[in-house]
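K.L.:
My questions all concern the structure below.
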Ligand SMILES: *Cc1c(COP(=O)(O)O)cnc(C)c1O
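Residue numbers (our numbering): 2 to 369.
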């Protein structure tokens, strides 16, 4: 590879090079055993120890209290969208869902199958470009569900809402360990790993111990969180390799200085990019300023400068222009259009600076 490549993909996304190297080596020989991690029993001591260490990394980095369990599962975050209401929401009980994007809606749709799920807000008519903090909350909800960071629209809850009753449940898929959160403020924190803490194949669910076992329905064994808690995440064959990639990514984060240190860098990376967009004549960010995400930054052409009938061709030209400089995966999500730069934990400041330079150079080219 001649040029350094910066990968701005929204997910699966960039991971620390160190973690990738260690994971690659483990595919040939795990911990000097002579056996590939891909071929090693999940019930062997080295793997059991690795799981315990991964859980401890998470507890240390997030400050997860003792009265919370951690569950590692396959199936993706989309499986959790149905497992969570199945395990926590009774048939006649109510849960409030803040509809701040597509992922929130998918979670809401699943919850409706199990109980009385209600929309606490819905900014669909504004293409979810902002978060409505004026929530309609039920008096006796079991929980309030929020999507901490809206990956597609680039909005983020900077201050989490307080539930009127019950507990707070948050999907943190796209800002897992990107910023400090107080786990005690939540009953459940969950997410897929492939945006910020590992490759695809594993999800993490953090559950306050007193909340399970309250619903009156039969839950299939594999879909019951208690099964996996009782079996220490070894009820069946868990996604060992994805957990190992998480282990190495968390080790990297620990060496980096932890969540506080990465949050500082994340905030300065985001500030650098937003400032470039705010000062650009050609590009403009799509998310409301007060809700701007520090992880996903969607942007489009300024309609006053780039005519609508020219935008598609110019967008292709920009993506090629960026790719020539090693800046990849900048195409926006189809529902927002334009471009999106995902600047997760493993994206170095240099990558964001290279993007800022690219935006500036393309602007010069367009304005002539
Ligand atoms: C990507 C994403 C999901 C979906 O994850 P899968 O593992 O593909 O099911 C859910 N929620 C958020 C916020 C996401 O960004």
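All residues carry an ideal CB built from backbone N, CA and C; glycine is no exception.
Being a predicted model, the structure only gives us computed values, none of them experimental.
#1: Please enumerate, following chain order, all residues with a beta carbon closer than 6 Å to at least one heavy atom belonging to ligand 1.
#2: Drop a sphere of 10 angstroms on the beta-carbon of residue 350, count the other beta-carbons inside from all chains shown, and report buried for 16 or more, exposed for fewer.
#3: Which residue wins for smallest C-alpha separation from residue 82, given the options 69, 99, 111, 92?
#4: Do residue 206 and residue 226 have their C-beta atoms closer together than 8 Å?
#5: Under a three-way DSSP split, which group does residue 200 fall into?
#6: Any contact between the region 162-177 and the region 193-203? By contact I mean 3 or more CB pairs, one from each, below 8 Å.
#7: Let me make sure I understand the geometry here. Which of 120, 73, 105 has the alpha-carbon closest to that of residue 95?
#8: Can you give me the Cβ contacts of residue 109 inside the same chain, cut-off strictly under 8 Å, excluding the 5 residues immediately before and after it?
#9: Assuming residue 347 contacts residue 15 (C-beta within less than 8 Å), just tell me the rounded distance between them.
#10: Counting C-beta neighbours from all protein chains within 10 Å, is the total for residue 142 16 or more, i.e. buried, or is it exposed?
#11: Could you tell me the boundaries of the beta strand (DSSP E) in which residue 146 lies?
#12: Please return the same chain residues whose Cβ sits closer than 8 Å to the Cβ of residue 258, not counting the five positions on each side in sequence.
#13: Relative to the alpha-carbon of residue 339, which residue among 53, 354, 149, 301 has its alpha-carbon at the smallest distance?
#14: For residue 172, which beta-bridge partners are listed by DSSP?
#15: Kindly provide the ranges of any beta strand (DSSP E) runs that are 3 or more residues long and lie completely inside the region 311-351, ordered along the chain.
#16: Give the secondary structure of residue 289 by DSSP, where H, G and I count as helix, E and B as strand, and everything else as coil.
#17: So does the region 41-57 actually touch the region 236-243, counting three or more Cβ pairs closer than 8 Å?
#18: Alpha carbon to alpha carbon, how far is residue 374 from residue 271?
#19: May I have the straight-line CA-CA distance separating residue 262 from residue 361, to the nearest angstrom?
#20: Does the distance from the CB of residue 245 to the CB of residue 38 come in under 8 Å?
#21: What does the alpha-carbon distance come out to for the pair residue 107 and residue 214?
#22: For the beta strand (DSSP E) that residue 17 lies in, which residues bound it at each end?
#23: Are the beta-carbon atoms belonging to residue 284 and residue 297 less than 8 Å from one another?
#24: Alpha carbon to alpha carbon, how far is residue 212 from residue 24? Give it in angstroms, no decimals.
#25: Report the CB separation of residue 55 from residue 247 in whole angstroms; it is logged as a contact under 8 Å.
#26: If you reduce the DSSP assignment to three classes, tell me which class residue 241 lands in.
#27: How many angstroms separate the CA atom of residue 77 from the CA atom of residue 221?
#28: What first and last residue would you give for the beta strand (DSSP E) that runs through residue 161?
#29: Taking the alpha-carbon of residue 103 as reference, which of 188, 152, 333, 365 has the nearest alpha-carbon?
#30: I'd like the span of the alpha helix (DSSP H) that includes residue 59, first residue to last.
#31: Under 6 Å Cβ to Cβ from residue 330, same chain only, skipping five residues before and after it: list those, please.
#32: Here's the rule: buried if 16 or more other CB atoms are within 10 angstroms of the residue's CB, otherwise exposed. What is residue 63?
#33: Quick check: the Cα distance between residue 105 and residue 312, rounded to an integer number of angstroms?
P.N.:
Checking against the coordinates, here is how it stands:
#1: Those satisfying the condition are, in chain order, 12, 77, 78, 79, 104, 148, 152, 172, 174, 175, 193, 196.
#2: Counting from one through the chain shown, the residue named residue 350 turns up at place 349. Under this definition residue 350 is an exposed residue.
#3: Position 81 of the chain shown holds residue 82. Comparing Cα-Cα distances from residue 82 to each of 69, 99, 111, 92, the minimum goes to 111.
#4: Locating residue 206 in the chain shown gives position 205, counting from the first residue. Locating residue 226 in the chain shown gives position 225, counting from the first residue. At the C-beta level, residue 206 and residue 226 come within 8 Å of one another.
#5: For the purposes of this step, residue 200 is identified with residue 199 of the chain shown, where counting begins at 1. Three-state DSSP puts residue 200 in coil, outside helix and strand.
#6: Contact holds: three or more Cβ-Cβ distances are below 8 Å.
#7: Numbered from 1 along the chain shown, position 94 holds the residue referred to as residue 95. Residue 95 has its Cα closest to that of 120, out of 120, 73, 105.
#8: Your numbering for residue 109 matches position 108 in the chain shown. 98, 100, 118, 120, 146, listed in sequence order.
#9: Your numbering for residue 347 matches position 346 in the chain shown. Your numbering for residue 15 matches position 14 in the chain shown. The C-beta distance from residue 347 to residue 15 rounds to 5 Å, short enough to fall under 8 Å.
#10: To locate residue 142, count along the chain shown from 1; it is residue 141. Label assigned to residue 142: buried.
#11: Taking the chain shown and counting its residues from 1, one reaches residue 146 at position 145. Start and end: 142-148.
#12: The residue given as residue 258 occupies position 257 in the chain shown. Closer than 8 Å at Cβ, skipping near neighbours: no residue.
#13: Counting from 1 along the chain shown, the entry for residue 339 is found at position 338. If we check each option's Cα against that of residue 339, 301 comes out closest.
#14: If you number the chain shown from 1, residue 172 lands on position 171. Residue 172 has 148, 191 as its beta-bridge partners, per DSSP.
#15: Whole beta strand (DSSP E) segments, 3+ residues: 340-343.
#16: Numbered from its first residue, the chain shown carries residue 289 at position 288. Reduced to three states, the DSSP call for residue 289 is coil.
#17: Yes, they touch.
#18: Residue 374 falls outside the range modelled here, since the chain spans only 2 to 369, and no answer is possible.
#19: The residue given as residue 262 occupies position 261 in the chain shown. The residue given as residue 361 occupies position 360 in the chain shown. Rounded to whole angstroms, residue 262 to residue 361 spans 29 Å at the Cα level.
#20: Counting from one through the chain shown, the residue named residue 245 turns up at place 244. Counting from one through the chain shown, the residue named residue 38 turns up at place 37. Contact annotation: residue 245 and residue 38 have beta-carbon atoms nearer than 8 Å.
#21: By one-based count along the chain shown, residue 107 stands at place 106. By one-based count along the chain shown, residue 214 stands at place 213. Spanning the alpha carbons of residue 107 and residue 214 requires a straight line of approximately 24 Å.
#22: Counted from its first residue, the chain shown places residue 17 at position 16. If you look at residue 17, you'll find it isn't in any beta strand (DSSP E); DSSP assigns it neither H nor E.
#23: If you number the chain shown from 1, residue 284 lands on position 283. If you number the chain shown from 1, residue 297 lands on position 296. Taking 8 Å as the Cβ cut-off, residue 284 and residue 297 do not qualify as a contacting pair.
#24: In the chain shown, residue 24 corresponds to position 23, counting from 1. In the chain shown, residue 212 corresponds to position 211, counting from 1. One Cα belongs to residue 24, the other to residue 212, and the distance between them is close to 35 Å.
#25: Translated into the one-based positions of the chain shown, residue 55 becomes position 54. Translated into the one-based positions of the chain shown, residue 247 becomes position 246. Right, the Cβ-Cβ distance comes to about 6 Å (below 8 Å), so this counts as a contact.
#26: Counting from 1 along the chain shown, the entry for residue 241 is found at position 240. DSSP, read as helix, strand or coil, puts residue 241 in helix.
#27: The residue labelled residue 77 in the question sits at position 76 within the chain shown. The residue labelled residue 221 in the question sits at position 220 within the chain shown. One C-alpha to the other measures close to 18 Å.
#28: On the chain shown, position 160 is the one that residue 161 refers to. Boundaries for residue 161: no beta strand (DSSP E) harbours it, and the DSSP string shows neither H nor E there.
#29: As a first step, residue 103 must be located in the chain shown, where it is residue number 102. Restricting attention to 188, 152, 333, 365, the CA atom closest to the CA of residue 103 is found in 152.
#30: Sequence index remark: in the chain shown, residue 59 carries index 58 (1-based). Note, residue 59: alpha helix (DSSP H), 46-63.
#31: Residue numbering aside, residue 330 sits at position 329 when the chain shown is read from its first letter. Shown here for residue 330: same chain residues with a beta carbon closer than 6 Å to its own, the five before and five after excluded, namely 8, 9, 10 in chain order.
#32: Position 62 of the chain shown, counted from the first residue, corresponds to residue 63. Label assigned to residue 63: buried.
#33: Here residue 105 corresponds to residue number 104 of the chain shown, with the count starting at 1. Here residue 312 corresponds to residue number 311 of the chain shown, with the count starting at 1. C-alpha separation (whole angstroms): 30 Å.
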